[in-house]
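From first to last, the protein sequence lines are chains F and Z. Its first residue numbered 370, the first sequence is counted upward by one per residue in the numbering used here. Its first residue numbered 126, the second sequence is counted upward by one per residue in the numbering used here.
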Amino acid sequence: MIFSLFGRGADIDARKRTFLAIGSFLLPLLVWCLVSYAPFVWHPKVLVTDPGGVDYFQVDMLVDKAMFKDEVANMEQSHLALPVGRPSNPIYLPAPDDVAKAFYNGFVHPPKSTDVPSMPASLWHSVQIIFWGFLISSLIGVPLGIVSGTYNLVGRLNEPFIEFFRYLPAPAFGALAVAILGIYDGPKIAIIVIGTLFQQVLIIANTTRKLETTLIEAARTLGSKNLKLLSTVVVPGILPDLYRDQRILLGWAWTYLIVAELIGTSSGITWFITQQARYQHFDNVYAAIMTIGIIGFGTDLVLGRLGRRLFPWDRTQDRQ
Amino acid sequence: MNLIEPMLPSYLDQSDEVRARFERIRQREVILEVRKLGKRYRSPQGEIEALRGIDFSVRRREFVCVIGPSGCGKSTLIRILAGLDKHTSGEALLDGKPITGPGQDRGMVFQGYSLFPWLTVKKNVMFGPRMKGEGHDQAERDAKLWLELVGLEKFADAYPHQLSGGMRQRVAIARALVNQPRILLMDEPFGALDAQTRAKMQTHLIDIWKNIDVTVLFITHDLDEAIYLADRILVLKAHPGEVQEVIEVPVPRPRTPGQFNSPEFRATKARLEALIHPAPEPLPEDEQAVKPHMIRFTDVHDNVE
Ligand SMILES: Nc1ncnc2c1ncn2[C@@H]1O[C@H](COP(=O)(O)OP(=O)(O)OP(=O)(O)O)[C@@H](O)[C@H]1O
Ligand SMILES: [Mg+2]
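1) Measuring CA to CA, which of 415(F), 387(F), 518(F) and 460(F) is closest to residue 648(F)?
2) Can you find a heavy atom of ligand 2 that lies under 7 Å from the Cβ of residue 200(Z)?
3) Measuring only from the beta carbon, is residue 254(Z) closer than 7 Å to any heavy atom that is part of ligand 3?
4) Please report whether the beta-carbon of residue 324(Z) lies at a distance below 8 Å from any beta-carbon of chain F.
5) Find the residues of chain F that neighbour residue 257(Z), judging by a C-beta separation of less than 7 Å, and give them in chain order.
6) Taking Cβ-Cβ distances shorter than 7 Å, what residues in chain Z pair up with residue 470(F)?
7) Quick check on the burial criterion: 16 or more other C-beta atoms within 10 angstroms. Buried or exposed for residue 521(F)?
8) Mind checking residue 545(F): buried by the 16 CB within 10 Å criterion, or exposed?
9) Considering residue 419(Z), what are the terminal residues of the beta strand (DSSP E) in which it resides?
10) Measure the C-alpha to C-alpha separation of residue 401(Z) and residue 211(Z) and round it to an integer number of angstroms.
11) Can you name the residues that DSSP bridges to residue 166(Z)?
12) So the beta strand (DSSP E) residue 417(F) belongs to, where does it begin and stop?
13) Label residue 486(F) either buried or exposed according to how many other C-beta atoms from any shown protein chain fall within 10 Å of its C-beta, with 16 as the threshold for buried.
14) Going straight from the alpha carbon of residue 390(Z) to that of residue 352(Z), what length do you get?
15) Could you pull out every residue in the same chain whose Cβ sits closer than 6 Å to the Cβ of residue 300(Z), ignoring the five residues on either side in sequence?
16) Could you confirm whether any beta carbon from chain F is found closer than 8 Å to the beta carbon of residue 271(Z)?
17) Using a 10 Å radius around the Cβ and a threshold of 16 neighbouring Cβ atoms, would you call residue 330(F) buried or exposed?
18) Counting only beta-carbon atoms, is residue 253(Z) nearer than 8 Å to chain F?
19) Measure from the C-beta of residue 682(F) to each C-beta in chain Z and report whether the shortest distance is under 8 Å.
20) Taking three-plus beta-carbon pairs below 8 Å as touching, is the segment 334-342 of chain Z in contact with the segment 161-170 of chain Z?
21) Can you give me the C-alpha to C-alpha distance between residue 402(F) and residue 462(F), rounded to a whole angstrom?
22) Which chain F residues are close to residue 169(Z), counting only those with a beta carbon under 9 Å from its beta carbon?
23) For residue 448(F), tell me which candidate among 440(F), 583(F) and 646(F) has the shortest Cα-Cα distance.
24) Select from the segment 605-619 of chain F all residues with a C-beta closer than 9 Å to any C-beta belonging to chain Z, and list them in chain order.
25) Got a sec? Which residues, its chain only, sit under 8 Å from residue 234(Z) by beta carbon, not counting five neighbours each side?
26) At the level of alpha carbons, what is the spacing between residue 333(Z) and residue 274(Z)?
27) Roughly how many angstroms lie between the CA atoms of residue 304(Z) and residue 567(F), to the nearest whole one?
28) What residue range is occupied by the uninterrupted alpha helix (DSSP H) comprising residue 332(Z)?
29) Taking contact to mean 3 or more Cβ pairs, one atom from each stretch, closer than 8 Å, check whether the segment 515-535 of chain F and the segment 562-579 of chain F are in contact.
30) Whole angstroms are fine: how far does the CA of residue 536(F) sit from the CA of residue 165(Z)?
31) Using CA coordinates, which residue listed in 599(F), 670(F) and 584(F) is at the minimum distance from residue 620(F)?
32) Using only alpha-carbon positions, find the residue among 226(Z), 175(Z), 135(Z) and 168(Z) that is nearest to residue 362(Z).
33) DSSP three-state call for residue 519(F): helix, strand or coil?
34) Straight-line CA distance for residue 529(F) to residue 626(F)?
35) Shorter than 8 Å from the beta carbon of residue 239(Z) to some beta carbon of chain F?
36) Of all the CB atoms in chain Z, is at least one closer than 8 Å to the CB of residue 370(F)?
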C-alpha cells in the first residue's frame, strides 16, 4: 500500500521530469532554428544565387552584406545586371536541417572514397579507444581504489603520490606516450588511462571508505575475515556507488578522447572532424560532435536504467 | 483508590522461589568471565578512560542486562567482548579462553540492525553459516529454520529496506543465532523501535531465550526493559566506567507485562533510579559546554503555555 502510494507520487514526478528534460533539449534547438531560419535575427552574409555583372561573384559564394550592397550599387551605376542573393549565416553555422541531412548521410550513405574517413568507421575507432582505455584504467584503478579504501596502510602509501600525479595534465604525456608506444592506438589509449586512472583510484577509495563500518563489524562477528570480508561485504556493499562512480569516470574518459586522438597519427572521430573542417563541411562537423554527445549521453542513460535493475536494494539509484 | 503508598519491599528481598532460581543459576558453569577489564582511548583531547576494573561473570543461559548513563562505556564493553575492540588491561574469558578477536561463538546484534542491504532476508541469515563453510543447501535449511523461529519465513526473499524496524531486528537476531553462539551480545537492540514494537520484541526475545541454549548480555538504557528481561543487572557508572552494583532482579519468572506494577519490580526500579540518576551532581565537562541560550523569537503575548 505504502509502496503503491509512493510509486504514484514518483510517477507524476517522473512525467514532469521527462517533460522538463525534453524541454531542456528543445530550448537550445529553438534558439538555433531562430538564428538559422529567421533572416532578421543575424544573417551577416549574403549567399550569391546569381552573380549578375560582378565578375568575381560566383553562385553559392558567401559575401559580406556590406560588400554585396557596394557591388549592387556599383552595378547600378555601371548599368550592368544586378547580382542576386539571399541573407545567410556564416559557413560555420549551418542550419539544423543541413546538420540533420549530414547526420543522415553520414550514417546511411557514408562516402566510398578511402582518403576521407566515414563517420561510422571513425566513431567505431573512437569507441574502441575509449573502451580499451577505460578497461585498462578500471582493471588497475578499481581494485587499487577498493584496497586503498579498505586498508588504511595501503591508502596512506599510494594516495599522496596519486594525488600529486592527477594534477599532471594527461595530454602533457602525449609525446612521451608516442615515444614509448608508437604512433598508432597505443599512445591514445595511454592518454585515456592516464587521464582516468588517478582520479579513479581516489574516487573509489573514497567511496569504499564511506561504507558503513558496522556492516564490516557485523560481518566480522559472523565469522568473515580478510579477503572473504573484501569479497562478501566490502565489494557488494559499495557496488551501487562504485557503479555510479564508473559512470561518471566513463564520461571523463570521453572528454580525454579528442586530445588523445590528436596524438601520433590523428584518428577516429577527431580526424573525421578535422578533415571535414578543413573542407569546410561544417554540417558534418556538427553532426560528428553531436554524435559524440548522443553516444555519451545515451550510454549513461542506459547504464543508469541498468543500475536500477542491477541494484534493486539501492534506494539512491531511484532518485536519479 | 489506594491513597497510602504501601512501603516497598527492599530490592534485595527475594521470594523463596526466586532465591531457589538464583541458586540453580549459580550451579551452572561460567560462560563469560571478565576480570579487571580496562579500556583507555587515545584521542586528540587526551586519554579517555572508558572502562576501569570491570569484574563480573555470566553463567550459562543467564540473561544479564547492562545499564548505565550515556557514555559510561556500555558499548565499549560489549564491543570488547565481541572482539571488535581491544581492551587495554585485564582480561575477558569465554569458556575459559581469552577473547582476542571476533568469533562465531559470540553473536552480536547492533542497534542500527546493520543488515546487509544487498542481500535478501534469507541470504542475510545464511551469511554466518556460509562463512563457517557450510554448503548453500545446508545454510539455506538453517536460515529457513531460524527465520521461522522469528516468524519471518514469509519475508525470506524481501530486502531489508522493505521491512519495518521490528522485522529488521528480528532478522538480525536470527542472523546472529543461526551460528548457535555461546553468548548473544545485544547493544541497545530495541532502542530505535516504538514503544509497542519494543514491548513485542522483548516478549519475543524472552521466548527465544527460553527455548534455545543461549546466554544473553543485553545493553539498554531503559530501566523497565532491563528489569523485565534480566536475571541480573550490571549497573555501570560513568567517568570512568566502573561497575556500580550487580543487582539480582527479584521479580519472579515467567515475566509478564502485568508485573510492571508489582512491588518487587518497583523496588528494583527505585534502586536503579537512585543509582543512575542520583541527586544532581555537576555535569561532566563535555556536557557542561552545551548550554542552550534561549532567545524569544515570538511576540511577547503569544504564549503557548
Ligand atoms: N573510538 C573512540 N575514541 C575515543 N573515545 C571513545 C571512542 N569510543 C568511545 N569513546 C569514549 O568512551 C566513553 C564510552 O563510550 P561508549 O560508547 O562505550 O558509551 P555508552 O555507554 O555506550 O554510551 P551510550 O549510552 O550513549 O551508547 C565515552 O566517553 C566516549 O566518548
Ligand atoms: Mg552505546
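Note that CB positions come from ideal geometry on N, CA and C, so glycine has one too. Bear in mind that the values here come from a model prediction, so they are computed numbers and not experimental data.
So, to answer that:
1) It is 460(F) whose Cα lies nearest to the Cα of residue 648(F).
2) Closer than 7 Å to some heavy atom of ligand 2: that describes the Cβ of residue 200(Z).
3) Ligands in the displayed structure: ligand 1 and ligand 2; ligand 3 is not one of them.
4) It does not: the Cβ of residue 324(Z) has no partner Cβ on chain F nearer than 8 Å.
5) Residues of chain F passing the Cβ test: 592.
6) Simply none; closest approach about 49 Å.
7) Counting every other CB atom within 10 Å of its CB across the protein chains shown gives residue 521(F) a total below 16, marking it as exposed.
8) Classified as exposed, residue 545(F) has fewer than 16 neighbouring CB atoms from the shown chains inside 10 Å of its CB.
9) Element bounds for residue 419(Z): n/a, residue is neither H nor E.
10) Approximately 27 Å, taken between the alpha carbons.
11) Residue 166(Z) pairs with 173(Z).
12) Annotation: the continuous beta strand (DSSP E) that includes residue 417(F) extends over 414-419.
13) Label assigned to residue 486(F): buried.
14) Distance between the alpha carbons of residue 390(Z) and residue 352(Z): 7 Å.
15) Residues of the same chain with a CB within less than 6 Å of the CB of residue 300(Z), apart from the 5 flanking positions on each side, are 249 and 250 in chain order.
16) Interface flag for residue 271(Z) against chain F is unset, since no Cβ pair is found closer than 8 Å.
17) Limits of chain F in this structure are 370 at one end and 689 at the other, which puts residue 330(F) out of reach.
18) Cβ-Cβ to chain F under 8 Å: yes for residue 253(Z).
19) Yes - at least one Cβ of chain Z is within 8 Å of the one on residue 682(F).
20) With the rule of 3 Cβ pairs closer than 8 Å, the segment 334-342 of chain Z does not count as touching the segment 161-170 of chain Z.
21) Between the alpha carbons of residue 402(F) and residue 462(F) lies a gap of roughly 11 Å.
22) Under the 9 Å cutoff, chain F gives no residues; its nearest Cβ is about 17 Å from residue 169(Z).
23) If you compare the alpha carbons of 440(F), 583(F) and 646(F) with that of residue 448(F), the shortest gap goes to 440(F).
24) Hits within the stretch, in order: 605, 606, 608 and 609.
25) These residues qualify, in order along the chain: 294, 297, 298, 301, 309, 310, 311, 312 and 314.
26) Here the alpha carbons of residue 274(Z) and residue 333(Z) stand approximately 8 Å from one another.
27) Using only the alpha carbons, I get a separation of about 42 Å.
28) Run containing residue 332(Z): 320-336, per the alpha helix (DSSP H) assignment.
29) These segments touch.
30) Per the coordinates, the alpha-carbon of residue 165(Z) lies some 42 Å from the alpha-carbon of residue 536(F).
31) Of the listed residues, the one whose Cα sits closest to residue 620(F) is 670(F).
32) Taking only the C-alpha atoms, the option nearest residue 362(Z) is 175(Z).
33) DSSP places residue 519(F) in helix when its eight states are reduced to three.
34) Roughly 27 Å between the two C-alpha positions.
35) Output row for residue 239(Z): interface = yes.
36) With a pLDDT of only 42 at residue 370(F), under 50, the local geometry of the prediction cannot be trusted, and the value read off the model is given with reservation. No - not a single Cβ of chain Z is within 8 Å of the one on residue 370(F).
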